[in-house]
Amino acid sequence: MDKEIIKISNFLYENKAEIVAVCYDGSEIAFRDKNLLEAYIMGKGIDVIDCDICALNVLSASIKKLDVDFGISVLENEIFIMNRYGEIIKINGKDEFKLKTWKEIGEKESRDANLIYMKELFKILSLKNINKHLILNLNFSPLFKVAPYIFRKVFSKVTTLNATNIITINYDPVTLTKSMIKAYNADIGIIFDKYGFSLKIFKRDKEVTPEEIWDKINKSLKENVLKGVQFECISFDKKLNSIKYTRFSYTNDAILTSLLYLIHE
Numbered sequence: 065m066d067k068e069i070i071k072i073s074n075f076l077y078e079n080k081a082e083i084v085a086v087c088y089d090g091s092e093i094a095f096r097d098k099n100l101l102e103a104y105i106m107g108k109g110i111d112v113i114d115c116d117i118c119a120l121n122v123l124s125a126s127i128k129k130l131d132v133d134f135g136i137s138v139l140e141n142e143i144f145i146m147n148r149y150g151e152i153i154k155i156n157g158k159d160e161f162k163l164k165t166w167k168e169i170g171e172k173e174s175r176d177a178n179l180i181y182m183k184e185l186f187k188i189l190s191l192k193n194i195n196k197h198l199i200l201n202l203n204f205s206p207l208f209k210v211a212p213y214i215f216r217k218v219f220s221k222v223t224t225l226n227a228t229n230i231i232t233i234n235y236d237p238v239t240l241t242k243s244m245i246k247a248y249n250a251d252i253g254i255i256f257d258k259y260g261f262s263l264k265i266f267k268r269d270k271e272v273t274p275e276e277i278w279d280k281i282n283k284s285l286k287e288n289v290l291k292g293v294q295f296e297c298i299s300f301d302k303k304l305n306s307i308k309y310t311r312f313s314y315t316n317d318a319i320l321t322s323l324l325y326l327i328h329e
């Protein structure tokens, strides 16, 4: 994978590209995912403007909007390079680059821990049903692919906002979520940031503090979640209201953070 990214970086450098639009879909590509891509590009003196929704048509629009020379699209396990005319660039006869997933290159312990985590999470989902109305503001993050499905398994009613880039509600996320909670007389609101890295939780229109969230998450962890995982591998960022796992997906982190809190509400 490193060699392929070096080829991309060299190509952009040789073509004197000063700014590159990067679209990234949140896929679990490599254990350092987009940071590895950025590191090589930045190493060649090229600034990276990061877009949060990845598709070739979105990449083309980003190139035009930013008025840049080239764009890079990281889509699942492939990398595409596009010029300002919407053409896919071929390097060394290839028009795409296959990347290994983190499962292929990660440590065995991390893979085993992730399997335990997923198994325990779905065990909870199969037993728990929260008889409450949730306002779920996905904020056009990569979480729109999985979050609605998971939360509908837990909550009796879910109203989803900003799940795709087709219909945009151009409004402050916090103000919008509070308004929707009030309008629908909902019980809980969750807002994910646009990358799916962190979240905010509201009960009615009052934001839940990181300390409140952590107390209930800690209770969940001790009682029935991730029993086979070493706890020193798990940390809690109070600033971001997010649990972090060694080489685990940010997507899973944000969803699990909210679920661990909500099942003890």
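Mind the numbering: the sequence shown is residues 65 to 329 in this note's numbering, read in order.
Where is the CB? At the ideal position from N, CA and C, for every residue including glycine.
Small disclaimer: the values here were computed from a predicted structure and weren't measured.
Pop quiz: Ile255 and Lys196 are said to be a contact at Cβ under 8 Å. What is the actual Cβ separation, rounded to whole angstroms? That belief does not hold up - the Cβ atoms of Ile255 and Lys196 are roughly 17 Å apart, past 8 Å.
Ordered along the chain, which non-local residues of its own chain (more than five positions away) have a Cβ less than 6 Å from that of Phe266? Close CB contacts of Phe266 within its chain, under the 6 Å cut and outside five residues either way in sequence, are with Gly253 (chain order).
Coil, strand or helix - Thr223 by DSSP: Of the three classes helix, strand and coil, the one that applies to Thr223 here is strand, per DSSP.
For Ile153, name the three-state secondary structure that DSSP assigns. Assigned with DSSP and collapsed to three states, Ile153 falls in coil, not helix or strand.
Quick check on the DSSP output: the beta strand (DSSP E) that includes Leu207 runs from which residue to which? Counting along the chain, no beta strand (DSSP E) covers Leu207, and no H or E run does either.
What does Phe215 pair with, by DSSP beta-bridge criteria? DSSP output for Phe215 lists no bridge partner at all.
As assigned by DSSP and simplified to three states, the class of Asn203: The answer is coil: DSSP assigns Asn203 none of H, G, I, E or B.
For Phe144 and Phe219, the rounded distance between their alpha carbons: Using only the alpha carbons, I get a separation of about 38 Å.
If we count the other Cβ atoms within 10 Å of its Cβ and call it buried at 16 or more, is Thr321 buried or exposed? Classification for Thr321: buried.
Would DSSP call Arg96 helix, strand or coil? Low confidence applies here, because Arg96 scores a pLDDT of 35, under 50, leaving its location unreliable; read the following figure in that light. Coil, per DSSP.
Neighbour-count burial assignment, Ala247, 16 or more Cβ in a 10 Å radius: The residue in question, Ala247, is exposed, as its Cβ has fewer than 16 Cβ neighbours within 10 Å.
With a threshold of 7 Å on Cβ separation, who are the neighbours of Tyr325 within its own chain once the five nearest residues in sequence on each side are excluded? Ile265, Ile277, Lys280 and Ile281, listed in sequence order.
When the distance is taken between beta carbons, is Ile127 closer than 8 Å to Ile214? Judged by their CB atoms, Ile214 and Ile127 are not nearer to each other than the 8 Å cut-off.
Alpha carbon of Ile245 to alpha carbon of Arg216, nearest angstrom: Between Ile245 and Arg216, the C-alpha separation is close to 17 Å.
Within 8 Å, strictly: CB atoms of Leu225 and Leu207: Not in contact: Leu225 and Leu207 (Cβ atoms no closer than 8 Å).
Please check if any C-beta of chain D sits within less than 8 Å of the C-beta of Thr273. As a matter of chain content, chain D is missing from the structure shown, which is built from one protein chain.
Return the first residue and the last residue of the beta strand (DSSP E) that Lys258 is part of. For Lys258, there is no enclosing beta strand (DSSP E), as DSSP marks it with neither H nor E.
Compute the Euclidean distance between the alpha carbons of Gly135 and Asp257, then round it to the nearest angstrom. The straight-line gap from Cα to Cα measures roughly 23 Å.
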